[in-house]
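Report on one structure; see the data block that follows.
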Amino acid sequence: MTVSLPSDRLEGVVGSRLREIARTANLKGFRPGKVPAKVIEQRFGAQIRSEAFGELVRETFDEAIRQEKILPAGNPEIQAEPAGETGEIRYTATFEIVPDFGPVDVTKLEFVRATSSVEDADIDAMLETLRQQRRTWQPVERPARAGDLVSVETSAQTDSERLPPEGVEHGATVVGSNAMFQEIEAQLVGLSAGESREVPVTFPETWRVPALAGKTATVTVKAAQVSEPVVPDIDEAFIKSFGVKGGKIETFRKEVRANLERELKGKLMGMLRAEVAEKLVGAYAHVELPPRLVEFEARTLAHATAEQARQQGMSNVSDAPEPFMVPARKRVAAALLVGEIARQNGLSLDQGRVRETMQLIASTYEDPNQVIELYRNDPNLMRNLQNRVMEEQVIDWIAERANATEQALSFADVMRAA
Numbered sequence: 354m355t356v357s358l359p360s361d362r363l364e365g366v367v368g369s370r371l372r373e374i375a376r377t378a379n380l381k382g383f384r385p386g387k388v389p390a391k392v393i394e395q396r397f398g399a400q401i402r403s404e405a406f407g408e409l410v411r412e413t414f415d416e417a418i419r420q421e422k423i424l425p426a427g428n429p430e431i432q433a434e435p436a437g438e439t440g441e442i443r444y445t446a447t448f449e450i451v452p453d454f455g456p457v458d459v460t461k462l463e464f465v466r467a468t469s470s471v472e473d474a475d476i477d478a479m480l481e482t483l484r485q486q487r488r489t490w491q492p493v494e495r496p497a498r499a500g501d502l503v504s505v506e507t508s509a510q511t512d513s514e515r516l517p518p519e520g521v522e523h524g525a526t527v528v529g530s531n532a533m534f535q536e537i538e539a540q541l542v543g544l545s546a547g548e549s550r551e552v553p554v555t556f557p558e559t560w561r562v563p564a565l566a567g568k569t570a571t572v573t574v575k576a577a578q579v580s581e582p583v584v585p586d587i588d589e590a591f592i593k594s595f596g597v598k599g600g601k602i603e604t605f606r607k608e609v610r611a612n613l614e615r616e617l618k619g620k621l622m623g624m625l626r627a628e629v630a631e632k633l634v635g636a637y638a639h640v641e642l643p644p645r646l647v648e649f650e651a652r653t654l655a656h657a658t659a660e661q662a663r664q665q666g667m668s669n670v671s672d673a674p675e676p677f678m679v680p681a682r683k684r685v686a687a688a689l690l691v692g693e694i695a696r697q698n699g700l701s702l703d704q705g706r707v708r709e710t711m712q713l714i715a716s717t718y719e720d721p722n723q724v725i726e727l728y729r730n731d732p733n734l735m736r737n738l739q740n741r742v743m744e745e746q747v748i749d750w751i752a753e754r755a756n757a758t759e760q761a762l763s764f765a766d767v768m769r770a771a
C-alpha cells in the first residue's frame, strides 16, 4: 500500500518542534533561548525530521488502513518513495493481513477449566518452605545422611586419563537433592568428614564433561565437611525479616495467603489461556496464516530458547527456526483469533482492569509506586500490559459462552502443571 501526504504536513511538525527547542536550547556560545534558527536547524534538524517522519508514518498508516478497512497482521515494512510531481511525501507499506476467519462461534468450543483454592495446608507448606530457605548449616562429626550439606572433593579415572589431571574438583551438595550425578551423590551417605569412597560410574552420552561423556570411570568421592541444617522457628524475628510489621503470625499468614492466591490466579489464567487457545486453533486449523508472521514468531521462540540454553552453560546451541514452526503457528493463530473475537464482538480494553493488573504486578516489588511509575513512563511496557489484559478479557468472555467442564485441582497440582 502506497501512502501520500502533503509535504507541508511534515514541515509543519518539524518547524513547530524546532521553534520549541529554540526557546529552551542552551548551546555553547549563545545565550539560552537566543540560538539562531539556522544553528538550531543544523544541530537538531535531521533528528527532528526523522522522528517526525516516523510519527507521521504511524499516524497516516493507521488512517489508511481504517479508510481501506484492512486488518494488518504484524507491523508493516516501510519504504520511503521519491517525492511525487507536486512534492508530496510518499512511502510504501508492505504487510500481511489478518486471514478471513468468518464469524467465530465460540459456543461450540468444549474445554476443561481448572479450578482451585488456597487452603490452610498450602499456607503451612509455604511457611515450611520459607523456613527451609532461611536454614543455616552447622558442621557435625557424624556420618552424612539425607538432608545434610556435604563439601565434596572428586576425581575420575578413565582408561586413558585422569580428570582433573592433578588435584581434585571441589563442590558441595545437599544429600538427596540430586544436584550431583545420582550414583556419585549416593556414595556420600555414611561418609564422615575426611572419608572417601571409589565407585564405578558410566556417564551418559550427553554428559556435560566431553571427556567423560559415554565413558565408564572410577570416581573417587571424598567428604571434606559434613553440615546439618539448622531451621529457624517461625517467631517474631523470623516474621519481621519478611517485612511484616509487628511480627504477628496471623498477619504473616494473611500475606502468605494473598501471595499464593495471586500466584494461583495467574497460573489458572495461564492454564485457561492454553486450553482455550488449543481448542480455538484446532477449530480453525484450515485457515491459512500469514507466513512471515509465523516465521517471525518461530525465530523469536528459537532465539529465546537458545539464549536460555546458553545461560545454563550449554554450547553449540542452534537457533534455527524450523523446529519451532508448529508452536509458532499455534501462537500466531491464537493471537489473531483473540483479536478477531474482540473485533467481531466489540470488546474494548477495560482500563480499570489494566490499573488493577498493574497494581498487582507492582505489589510484588519492594517499592510498588516506583514500578507503577515505570509502566506509566514506558510505552512498550504499558503496551505489553494492555495486550495481556485484553487477551485475558477475551479469554474470560469465551469461557463464559463456551461449553466448559470444571475440574477441581489442589493448589499443589496447579503449581506443578506444565
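Its first residue numbered 354, the sequence shown is counted upward by one per residue in the working numbering.
Where a beta carbon is used, it is the ideal one built from N, C-alpha and C, also for glycine.
It should be emphasised that the depicted structure is a prediction, and the values quoted were computed from it without experimental measurement.
Handout entry: the region 728-741 / the region 697-711 touching (three or more Cβ pairs under 8 Å)
Key = yes
Handout entry: First through last residue of the beta strand (DSSP E) which encompasses Leu358
Key = As a working note, residue 358 is residue 5 in the sequence shown. Note, Leu358: beta strand (DSSP E), Thr355 to Leu358.
Handout entry: Length of the line joining the Cα atoms of Leu738 and Val691
Key = Working through the sequence shown from its first residue, we reach residue 738 at position 385. Working through the sequence shown from its first residue, we reach residue 691 at position 338. Distance between the alpha carbons of Leu738 and Val691: 16 Å.
Handout entry: Per DSSP, the bridge partner or partners of Leu502
Key = Within the sequence shown, residue 502 is the residue found at index 149, counting from 1. Its beta-bridge partners are Val527 and Ser580.
Practice task
Determine the direct distance from the alpha carbon of Phe397 to that of Arg362, and round the result to whole angstroms.
Solution key: As a working mapping, residue 362 is identified with position 9 in the sequence shown. As a working mapping, residue 397 is identified with position 44 in the sequence shown. Roughly 19 Å between the two C-alpha positions.
Exercise for the section: Identify the continuous beta strand (DSSP E) that holds Trp490 and give its terminal residues. Expected result: By one-based count along the sequence shown, residue 490 stands at place 137. First-last of the beta strand (DSSP E) with Trp490: Thr489 to Pro492.
Handout entry: Environment of Gln540 [buried if 16+ CB atoms lie within 10 Å]
Key = For this step, residue 540 is matched to residue 187 along the sequence shown. Under this definition Gln540 is a buried residue.
Practice task
Jot down the residue ranges of each uninterrupted alpha helix (DSSP H) in the region 644-683, minimum 4 residues, whole runs only, in chain order.
Solution key: 644-664
Exercise for the section: May I ask you to verify whether the region 471-484 touches the region 391-408, counting CB pairs closer than 8 Å and requiring at least 3? Expected result: no
Handout entry: Contacting residues, own chain, Cβ-Cβ under 6 Å from Asp501 (five flanking each side not counted)
Key = Position 148 of the sequence shown, counting from 1, holds the residue named residue 501. Correct list, in chain order: Val528, Val579 and Glu581.
Handout entry: Reduced DSSP category for Leu613 - H, G, I as helix; E, B as strand; rest coil
Key = Here the question's residue 613 lines up with position 260 in the sequence shown. Here Leu613 sits in helix by DSSP.
Handout entry: As assigned by DSSP and simplified to three states, the class of Lys632
Key = Working through the sequence shown from its first residue, we reach residue 632 at position 279. Residue state, collapsed to three classes: helix.
Practice task
Check the DSSP bridge columns for Tyr319 and list the partner residues they point to.
Solution key: Outside the displayed span of the chain (354 to 771) sits residue 319, for which this structure offers no information.
Problem - Candidates Arg663, Gly382 and Glu364, of which the one nearest Glu441 by Cα - result: As a position in the sequence shown, residue 441 is number 88, starting the count at 1. Answer by Cα proximity: Glu364.
Practice task
Tell me whether Gly427 sits in a helix, a strand or coil according to DSSP, three-state version.
Solution key: As a position in the sequence shown, residue 427 is number 74, starting the count at 1. If DSSP states are grouped into helix, strand and coil, Gly427 belongs with the strands.
Problem - Burial state of Tyr444, where buried means 16 or more other Cβ atoms lie within 10 Å - result: Along the sequence shown, one-based indexing puts residue 444 at 91. Its Cβ being crowded by 16 or more others within 10 Å, Tyr444 is buried.
Practice task
Measure the CB-CB distance between Ala467 and Met624 and report whether it falls below 8 Å.
Solution key: The sequence position of residue 467 within the sequence shown is 114, counting from 1. The sequence position of residue 624 within the sequence shown is 271, counting from 1. Contact flag set, yes.
Problem - Cβ-Cβ separation, Val640 to Pro452 (assumed contact under 8 Å), whole Å - result: Counting from 1 along the sequence shown, the entry for residue 452 is found at position 99. Counting from 1 along the sequence shown, the entry for residue 640 is found at position 287. Sure, about 5 Å apart at Cβ, within 8 Å.
Practice task
Return the Cβ separation of Glu551 and Val572 in integer angstroms, given the expectation that the two are a contact with Cβ distance under 8 Å.
Solution key: Numbered from 1 along the sequence shown, position 198 holds the residue referred to as residue 551. Numbered from 1 along the sequence shown, position 219 holds the residue referred to as residue 572. About 7 Å separates the two Cβ atoms, so the contact holds.
Exercise for the section: Along the beta strand (DSSP E) that carries Glu558, what are the first and last residues, could you check? Expected result: Within the sequence shown, residue 558 is the residue found at index 205, counting from 1. First-last for Glu558: undefined, no H or E at that position.
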